[in-house]
Amino acid sequence: MSAESLTANTESAPAAKRGFGNSAAMRMVKYMGLRLLTMMVTITIGVYLTILIANMGGYVDTIMRNEIRDSTTQAILANPQFRNLTPEAKQELIQKKIASEEKRRGLDKPFAIRSVNYLRNALTLNLGRAMYMTSDHGSKEVRLIILERLPATLLLAGTSQLLLFFGSIFIALSLSRKYGSWFDKLTIALSPTSAVPPWFYGIFLILIFAAILKILPFGGLVDVPPPENSFDYGLSVLKHLILPATSVIISAIFLSIYNWRTFFLIFSSEDYVEVAKAKGLPPRDVERRYILRPTLPTIITNFALLVIALWTGFTITETVFVWPGLGITIYRAIGAYDTPVIVGSTIIYAYLLALTVFLLDFVYALVDPRVKVGSESSQ
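Using our numbering, the first residue of the sequence shown is number 4, and each one after it goes up by one.
The following block contains the structure:
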């Protein structure tokens with residue numbers, strides 16, 4: 004090979020690397036942009052369908068108009084300032100007040116226009132005010148309502164779900180080493196009990212520990228009146244947390260253990276695991292390197308979706324325990340046809356879910372070298 008050709012090859016190598024790097028970066032940017040666009044379209048469609056369903060095709064508008072008419076009429080007739088007015092003047096004043104309130108709420112516009120405007124406001128998190136009394140302090144900004152109730156939901160759902168998630172994985176991994184033991188058989192036998200919802204177990208827990216034994220409170224977040232000392236206040240919250248968190252854990256623990264145990268057993272029977280055992284590696288190293296590592300994408304997916312699911316809380320369970328979280332707020336909003344609260348919770352949940360799915364693609368690439376984000380399929 005001549006000196007000229009060697010020099011040319013040497014100079015072309017960095018250029019080829021730069022070309023490959025630019026191509027990979029462009030594929031990554033294109034992939035990210037396409038994924039974000041797809042998610043935004045999906046979120047937009049989902050939120051708009053939520054608006055249509057929450058409004059029931061205009062039925063909620065009729066309820067709102069009737070509510071405005073009744074409340075306005077009662078307010079004017081009960082006001083001493085208007086007692087001396089003639090019936091015609093009172094009726095005219097009532098109609099003006101009704102028209103003004105309907106205009107303030109946007110009911111003077113067609114539903115198609117209002118739904119599009121509401122979709123735009125929802126996507127930008129301009130959620131407005133709740134239509135009805137959703138808290139003890141009256142009508143509030145939807146954003147304030149959600150932020151006010153979110154900590155209680157995160158406390159209940161976060162504590163119970165995190166204990167359930169990591170506890171079931173730990174126990175399932177132990178059971179995968181003791182296949183066929185009495186505890187393994189007991190777990191399989193008790194797994195159908197997870198078909199019962201947590202609020203059902205909650206009712207029995209309330210009857211046993213609150214009504215009969217009287218060692219735990221019936222419900223609520225804290226004692227009434229609440230303790231003034233911060234330490235005592237925290238102890239009171241933990242005492243009130245025991246029953247609802249226990250009901251959530253009991254309702255899902257055996258099925259979760261059974262699912263993870265079966266999942267780990269499948270990977271434990273792989274050839275590379277048998278080879279690792281034949282080499283004499285300690286059981287802990289085999290589990291960590293050859294069982295847990297290949298299952299990390301699935302574990303991460305379940306954990307990420309669990310974190311997002313914390314936002315919605317447990318609607319009926321929170322209602323049974325009078326737990327002041329988002330679950331009971333959404334339950335009351337549905338009963339009162341409070342569309343802003345329903346749509347507000349849905350749009351934030353949709354954003355969190357889309358962000359989680361987007362980030363999971365990159366997390367998969369970090370924990371599993373077989374996953375290539377933004378790479379082109381081989382021809």
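In this text, a Cβ means the ideal position worked out from N, Cα and C, and glycines have one as well.
Keep in mind it's a predicted model, so treat the numbers as computed, not measured.
For the stretch 29-92, not one full-length beta strand (DSSP E) segment reaches 3 residues or more. For L178, the enclosing alpha helix (DSSP H) stretches over residues 145-180.
In this structure, R146 lies near L130, with their beta-carbon atoms less than 8 angstroms apart. I54 and I333 have their C-alpha atoms some 15 angstroms from each other. When C-beta atoms of the stretch 359-367 are compared with those of the stretch 300-313, three or more pairs fall below 8 angstroms, so the two segments count as touching.
A distance of 8 angstroms or more separates the beta carbons of L96 and I71. Secondary structure note for V310: its alpha helix (DSSP H) is the uninterrupted segment 296-312. Excluding residues up to 5 positions away in sequence, W263, I302 lie with their Cβ nearer than 8 angstroms to the Cβ of I172 in the same chain. Of the candidates F266, G330, S254, S254 places its Cα closest to the Cα of L166. For K242, the closest alpha carbon among the candidates G183, E231, F221, Y261 is that of F221.
E104 sits in a helix when the DSSP states are folded into three classes. Taking C-beta atoms under 8 angstroms as the contact rule, F257 and S184 fail to qualify, at a distance of about 15 angstroms. Counting the other CB atoms within 10 Å of its CB gives D341 a total of 16 or more, which places it among the buried residues. Of the candidates T249, T65, V366, the residue whose Cα lies closest to the Cα of F306 is V366.
With 16 or more other Cβ atoms inside 10 Å of its own Cβ, L159 counts as buried. Per DSSP, the continuous alpha helix (DSSP H) segment holding Y121 begins and ends at 114-126.
Looking at D73, F212, V323, M31, the one whose alpha-carbon comes closest to that of F203 is V323.
Two segments are said to touch when three or more pairs of C-beta atoms, one from each, lie closer than 8 angstroms; by this definition the stretch 203-214 does not touch the stretch 275-294. Excluding sequence positions up to five before and after S179, its CB lies within less than 6 angstroms of the CB of R264, F267, L268, S271, all in the same chain and listed in chain order. By the criterion of a C-beta distance shorter than 8 angstroms, L122 is surrounded in its chain by T47, V50, Y51, I54, once the five residues flanking it on both sides are discounted. Take L246, set aside five residues on each side of it, and the residues of its chain with a beta-carbon closer than 6 angstroms to its own are L208, L219, in chain order. Listed in chain order, the non-local C-beta contacts of P201 below 7 angstroms within the same chain comprise S250, V251, S254, F317, T320, local neighbours out to five positions each way being set aside.
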